[in-house]
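Encoded as structure tokens, the structure appears first; notes follow it.
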Amino acid sequence: MYNIVKPLFFKFDPEQVHHFVVKRLNWVYHHLPFGKQLLKLNYHFSDPSLTREVFGIKFPNPIGLAAGFDKNGEYIEALSALGFGFIEVGTVTPLPQPGNDLPRMFRLPQDEAIINRMGFNNKGVDTLAARLRTLKQKHPNIIIGGNIGKNKATPNEEAYLDYEKCFNRLFEVVDYFVVNVSSPNTPGLRELQEKGPLLTILTKLQALNLEKGSVKPILLKIAPDLTNSQLDDIIEIVLTSKIAGVIATNTTLNRADLKSSETLKNESGGLSGRPLTNRSTEVIRYLSEKSNKAFPIIGVGGIHSPQDAQAKIKAGASLVQLYSGFIYEGPGLIKRICKSFI
Ligand SMILES: Cc1cc2nc3c(=O)[nH]c(=O)nc-3n(C[C@H](O)[C@H](O)[C@H](O)COP(=O)(O)O)c2cc1C
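Residue numbers (the numbering used here): 7 to 348.
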């Protein structure tokens, strides 16, 4: 089915298609008679052998939706009906912000890739928290990750305050947190991956976490463009701050070995999809081996097939996430990966 509609979708602007598709999906789930059942029947796949317990949370299956797809948590129920074991919302910032000018999302079909420079467009943490509060009352079993960031206007020296604000607002309504310091589309954000600023943010959040009574897992999402020595620092920082784990990886700035036209390749932003498959797996393997599996890793980057997901698990990931593969392969990919894990 997806193979029939995909060529049509790919004729239009990627961001417009995204909004069009998620809105239709939501309509099917909420308004079409038996729509919910239809989605579940077609896409949902459950088996007791797929469950995973990672950082104290029991996941129904190890395949999640990566951050950025449902930034404001508007489509969680419908996306969950497609079979995802968990949904990561965000990146959300304290204040709403429009993000970068359009166009800011580009398909590179020859490379099965996407370049995006969205720039953390989102409706702000208060809107997200209110929506998740209602959702959690209705569906306490849907596992939700809250991916948090800083507003563009916030200087890096005050970034920790933005992370603290998002953390406090979302604490009651998400199952785990992701500190995003690895998006290439907020000027200077990736500098927060340096040892000093990163330790400040993570130790402050972990201190807040411990004050709350019931601790929520905090994960750090990293870029695939870090050197091995920077990855060594990341291991040290995770162990020192005692956060729960790492998400590897975000999008890359690397443009090597692409088949697409120069114009497309040279669009600024982060590249995701196929060209990222091997690099993100390498980062997972390095972190897992070098740290002696000291913390769980969620593997993300260029998963377009069950084999890609298996490779990430083999490299040391406990769970995986999809974004670009979901666009290129369609929702059937989730079930195919699930089946391959049995
Ligand atoms: C359009 C788009 C928007 C994204 N927005 C975010 C975001 O807001 N926060 C984040 O942590 N990652 C974001 N990502 C990165 C993805 O979560 C993921 O880490 C990356 O795309 C690699 O996975 P993939 O190859 O399966 O797409 C975005 C990716 C895309 C394609």
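For glycine and all other residues, C-beta sits at the position ideal for the given N, C-alpha and C. As the structure is a prediction and not an experimental result, all values here were calculated from the model.
Are the CB atoms of residue j and residue i within a distance shorter than 8 Å?
| i | j | result |
| --- | --- | --- |
| A165 | I120 | no |
| T99 | V131 | yes |
| N67 | G91 | yes |
| H50 | A87 | yes |
| L195 | S247 | no |
| T192 | K171 | no |
| K201 | N127 | no |
| R113 | G125 | no |
| T233 | V289 | no |
| K318 | I309 | yes |
| L45 | Y35 | yes |
| F65 | I149 | yes |
| E21 | L108 | yes |
| G322 | Y8 | no |
| L56 | C344 | yes |
| G275 | R123 | yes |
| V252 | F183 | no |
| P161 | G62 | no |
| F16 | V27 | no |
| I340 | G89 | yes |
Find the nearest neighbour of residue i within the set the options, judged by alpha-carbon distance.
| i | options | result |
| --- | --- | --- |
| A250 | S235, L259 and I240 | I240 |
| P146 | I319, V179 and P230 | V179 |
| S311 | N32, L114, F347 and N127 | F347 |
| G70 | M111, I93, S55 and Y49 | I93 |
| N153 | S189, K142, S278 and E118 | S189 |
| T133 | L167, R110 and V95 | V95 |
| P203 | Y169, R175, F183 and S235 | Y169 |
| K227 | A73, S52, L47 and E163 | A73 |
| I82 | R110, T140 and N127 | T140 |
| G307 | S297, N298, K299 and R280 | R280 |
| K156 | Q22, G338, L101 and R175 | L101 |
| V185 | A229, P161, F15 and V27 | A229 |
| Y334 | P161, D117, S52 and I63 | D117 |
| L245 | L31, L225 and I343 | L225 |
| E163 | G322, R175 and L198 | L198 |
| I243 | G276, E273 and Q212 | Q212 |
| A136 | T97, L176, P161 and K341 | L176 |
| L214 | G79, F173 and G89 | F173 |
| S235 | S297, H24, F18 and P39 | S297 |
| I304 | K12, S324 and S278 | S324 |
| K129 | K210, P115 and E80 | E80 |
| K142 | A84, P104, D231 and D181 | D181 |
| H24 | F75, P39, P13 and S52 | F75 |
Using DSSP with H/G/I as helix, E/B as strand and the rest coil, what is residue i?
| i | result |
| --- | --- |
| R110 | coil |
| S254 | For clarity, residue 254 is Ala in the given sequence; the question names Ser instead. Residue state, collapsed to three classes: strand. |
| I82 | helix |
| I309 | coil |
| I343 | helix |
| N162 | helix |
| G41 | helix |
| K46 | helix |
| A119 | strand |
| S278 | strand |
| N234 | helix |
| K156 | coil |
| G151 | strand |
| K58 | Here the sequence assigns Arg to residue 58, which means Lys is not the residue at that position. Residue state, collapsed to three classes: strand. |
| F15 | helix |
| G70 | strand |
| G89 | coil |
| G363 | Here the chain covers residues 7 to 348 and nothing more, so residue 363 does not appear. |
| I374 | This structure cannot settle anything about residue 374, because the visible part of the chain is limited to 7 through 348. |
| V326 | strand |
| L101 | coil |
| F173 | helix |
| L259 | coil |
| I10 | helix |
| V221 | coil |
| I228 | strand |
| F51 | coil |
| R201 | The sequence as given places Lys at residue 201; Arg does not occur at that position. If DSSP states are grouped into helix, strand and coil, K201 belongs with the helices. |
| F26 | helix |
| K144 | helix |
| K265 | coil |
| N298 | coil |
| I304 | strand |
| K271 | helix |
Determine, for residue i, whether the minimum Cβ-Cβ distance to residues of chain C falls below 8 Å.
| i | result |
| --- | --- |
| T140 | The structure shown contains no chain C; it holds only a single protein chain. |
Inset, instruction - Evaluate the contact criterion for the stretch 218-226 versus the stretch 279-289: three or more CB pairs, one atom per stretch, below 8 Å. - result: The answer is no - the stretch 279-289 does not touch the stretch 218-226, with fewer than three Cβ pairs under 8 Å.
Legend entry - At least 3 beta-carbon pairs within less than 8 Å: the stretch 257-271 vs the stretch 292-304: Too few Cβ pairs lie closer than 8 Å, so no.
Legend entry - Cβ contact (3+ pairs, closer than 8 Å) linking the stretch 318-337 and the stretch 266-273: Fewer than three beta-carbon pairs drawn from the stretch 318-337 and the stretch 266-273 are found closer than 8 Å, and the two stretches are therefore not classed as touching.
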